[in-house]
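Student: The structure that follows is given in the form of structure tokens.
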Amino acid sequence: MRVHHVVLLVAAAILATTNAALTLPQFMINSPKLTGSLLTAQQQRFLRTPYTEDDSIEERGISTVVEKTKALLSSSKVSEQTLERWVRNDKSPKKALIRLKLDKAGDKLLEKPQFETWAKYMTMLNKENPEAAMISTLRTRYSDDVLSQMTITAETASGTKEMAARLQAGQRSVWMSEWKSADDVFKLLKLNVNKADRKLFANPQFTVWTKYVDDLNGGETKKANSVIVSTLTDHHGDEGLAKLIRAAKDVEETKTLAVDLQKAQVDNWFVAMESPKDVKKWLGVKGATSDTAEAQLYHNYVKNYEKIFRKTE
1 MRVHHVVLLV AAAILATTNA ALTLPQFMIN SPKLTGSLLT AQQQRFLRTP YTEDDSIEER
61 GISTVVEKTK ALLSSSKVSE QTLERWVRND KSPKKALIRL KLDKAGDKLL EKPQFETWAK
121 YMTMLNKENP EAAMISTLRT RYSDDVLSQM TITAETASGT KEMAARLQAG QRSVWMSEWK
181 SADDVFKLLK LNVNKADRKL FANPQFTVWT KYVDDLNGGE TKKANSVIVS TLTDHHGDEG
241 LAKLIRAAKD VEETKTLAVD LQKAQVDNWF VAMESPKDVK KWLGVKGATS DTAEAQLYHN
301 YVKNYEKIFR KTE
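Using full-length UniProt numbering, read the sequence shown as starting at 1 and increasing by one per residue.
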């Protein structure tokens, strides 16, 4: 009860300041000179009619101050009964974050024990898709790439691994609901920034992106790989991407993906009917007797290419 009384006193003090703007004598309000010189910016704002967006922002600010006061004077641990009361009162996710003292957690947010409490509240509040609801709220505080990196870091700890997976699924769900293209998300995750990065495929953010592209294509791997290659070609060019793929084939952890993407790249070239001369150059094939995997792909390409042209003669 003592905490409740202190919160009320703080709120009352704020409201008293607000109400002071409304108690000015009428002759002051009607006088242009006096209005300009005597009224503070806050007082003039409250004298506007009708109700404006500025007023709405002001009220939200007061509400936030009250919530922060509660957080300051109360424990960050809340009971099941408190969570149920929050649901009944439809407490906003942002206010719940503040109340649980998570608003200043920074990139350590998922490591905080109170985050589990917030996630539980969000699940009670949004039973259909709590993960997407959590992401939507967190995006008001964190950019997509930062939020994604937080979940990647959380994946490495046993205590937060499950939550990280849930939030990653939620982030993909939000992107899908916003009709984000493969290229949109590629840029949101800042994967387009360092084009000289020879280890792009080993970047954990790249894995997040490829999972989204897979979701975008209904789990059809061949279609997803074609989209991945098309998007990467837009950023690196045919030859640049071919070099990236060859480099990734030499690394054990990215070899399987690189082999699949190399096949997808050759398939895309075939659909576009790229000339064998260009394909040979892009694949880095040297000489006619080369026995590399790239040489084999090139020879198969030429065979299929010539078949198509023989049919059209």
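Where a beta carbon is used, it is the ideal one built from N, C-alpha and C, also for glycine.
(1) Count the C-beta pairs between the segment 268-283 and the segment 296-305 that are closer than 8 Å, then say yes if the count reaches three, no if not.
(2) Looking at the secondary structure, which residues open and close the alpha helix (DSSP H) in which ASN126 lies?
(3) Alpha carbon to alpha carbon, how far is THR254 from GLU216? Give it in angstroms, no decimals.
(4) Below 8 Å on the Cβ atoms is my contact criterion, and I expect LEU191 with TRP209 to pass it. Report the Cβ-Cβ distance as a whole number of Å.
(5) Should ILE135 and GLN81 be called a contact, given that it needs their Cβ atoms to be closer than 8 Å?
(6) Rounded to a whole number of angstroms, what is the C-alpha to C-alpha distance between LYS94 and TYR121?
(7) Out of curiosity, what's the CA-to-CA distance linking ILE245 and VAL251?
(8) Hey, could you find the ends of the alpha helix (DSSP H) THR254 is sitting in?
(9) Roughly how many whole angstroms lie between the Cα atoms of MET163 and SER275?
(10) For a minimum of 4 consecutive residues, which ranges assigned as the alpha helix (DSSP H) are wholly contained in the segment 125-185?
(11) With burial defined as no fewer than 16 other Cβ atoms inside 10 Å of the residue's Cβ, what is the status of MET273: buried or exposed?
(12) Going by other Cβ atoms of all chains shown within 10 Å of its Cβ, with 16 needed for buried, is ASP90 buried or exposed?
(13) By a C-beta neighbour count over all protein chains shown, 10 Å radius and 16 as the cutoff for buried, is ASP238 buried or exposed?
(14) Taking the straight line between their C-alpha atoms, what separation do you get for LEU241 and ARG198?
(15) When you compare only the Cα positions, how much space is there between ILE57 and PHE115?
(16) Check whether the Cβ atoms of PHE201 and LEU257 lie closer than 8 Å to each other.
(17) Look up GLU239 in the DSSP assignment and say whether it is helix, strand or coil.
(18) Quick one: what's got a C-beta closer than 6 Å to ALA224's C-beta in the same chain, skipping five residues either side?
(19) DSSP three-state label for THR292, please.
(20) Which same chain residues, not among the five before or five after SER226, have their C-beta less than 8 Å away from its C-beta?
(21) Report buried or exposed for GLY140, applying the criterion of at least 16 other Cβ atoms within 10 angstroms of its Cβ.
(22) With a CB to CB cut of under 7 Å and the five nearest residues on each side skipped, what residues in its chain are close to LEU283?
(23) Rounded to whole angstroms, what is the Cα-Cα separation between ASP183 and VAL174?
(24) The ligand NAP and LYS280: does the residue's C-beta get closer than 7 Å to at least one heavy atom of that ligand?
(25) Relative to the C-alpha of ALA165, which residue among LYS286, LYS211 and THR117 is closest?
(26) I believe ASP145 touches LEU109 by the beta-carbon criterion, under 8 Å. Please report the beta-carbon distance rounded to the nearest angstrom.
(27) What's the call for residue 314, buried or exposed, on a 16-neighbour Cβ count within 10 Å?
Tutor: Per the coordinate set shown:
(1) Taking a contact to require three or more Cβ pairs closer than 8 Å, the segment 268-283 and the segment 296-305 qualify as touching.
(2) It is not in any alpha helix (DSSP H) - ASN126 carries neither H nor E in the DSSP assignment.
(3) Looking at the sequence provided, one finds Leu at residue 216 rather than Glu. Straight-line Cα distance between these residues: approximately 22 Å.
(4) 6 Å
(5) no
(6) 12 Å
(7) 10 Å
(8) 252-271
(9) 49 Å
(10) 130-138, 144-155 and 161-177
(11) exposed
(12) exposed
(13) buried
(14) 10 Å
(15) In this predicted model, ILE57 has a pLDDT of only 41, less than 50, meaning its place in the structure is not dependable; the value taken from the coordinates is given anyway. Computed Cα separation, rounded: 27 Å.
(16) yes
(17) In the structure shown, the three-state DSSP call for GLU239 is helix.
(18) Cβ neighbours of ALA224 beyond the five flanking positions: VAL213, ASP214 and ASN217.
(19) coil
(20) ALA264, ASP267 and ASN268
(21) The sequence shown places Thr at residue 140, rather than the Gly named in the question. So THR140 counts as exposed.
(22) ALA242, GLU294, LEU297 and TYR298
(23) 15 Å
(24) Ligands displayed in this structure: none; no statement on the ligand NAP is therefore possible.
(25) LYS211
(26) About 15 Å; that fails the 8 Å criterion.
(27) Because the chain is modelled from 1 through 313, residue 314 falls outside the range shown and cannot be assessed.
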